[in-house]
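Before any comments, here is the structure.
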Amino acid sequence: MFFALNGYEMEYTQKELLDLILDVAADRMQYEDILHWLLVYQM
Numbered sequence: 751m752f753f754a755l756n757g758y759e760m761e762y763t764q765k766e767l768l769d770l771i772l773d774v775a776a777d778r779m780q781y782e783d784i785l786h787w788l789l790v791y792q793m
C-alpha cells in the first residue's frame with residue numbers, strides 16, 4: 751500500500767509474493783535480499 755500511495759507500481763505473481771513472505775518469516779532473506787526484490791518488481 752505504501753508504494754501505491756507514493757506512485758510506485760509493482761508487478762509480481764501471488765506465488766512470488768507468497769515466497770517472499772515465507773522467506774522473510776523463515777529468516778531466509780536479509781535486508782539486502784528484500785531490497786533487491788523490491789527493486790526488481792518496481793515498474
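Numbering (the working numbering), first residue to last: 751 to 793.
The beta-carbon is built from N, C-alpha and C at its ideal position, and this holds for glycine as well.
*Give me the Cα-Cα distance between Gln816 and Ile771, rounded to the nearest whole angstrom.*
Absent from the structure is residue 816, since the part of the chain shown begins at 751 and ends at 793.
- Query: Starting from Tyr762 and walking both ways along the alpha helix (DSSP H), at which residues does that stretch end?
  - Reply: The residue given as residue 762 occupies position 12 in the sequence shown. DSSP places Tyr762 in no alpha helix (DSSP H); its state is neither H nor E.
Length of the line joining the Cα atoms of His786 and Arg778: Translated into positions along the sequence shown, residue 786 becomes position 36. Translated into positions along the sequence shown, residue 778 becomes position 28. Distance between the alpha carbons of His786 and Arg778 is about 14 Å.
Is Gln792 closer than 7 Å to Tyr762 when the C-beta atoms are compared?
-> Here residue 762 corresponds to residue number 12 of the sequence shown, with the count starting at 1. Here residue 792 corresponds to residue number 42 of the sequence shown, with the count starting at 1. No, they are not a contact pair.
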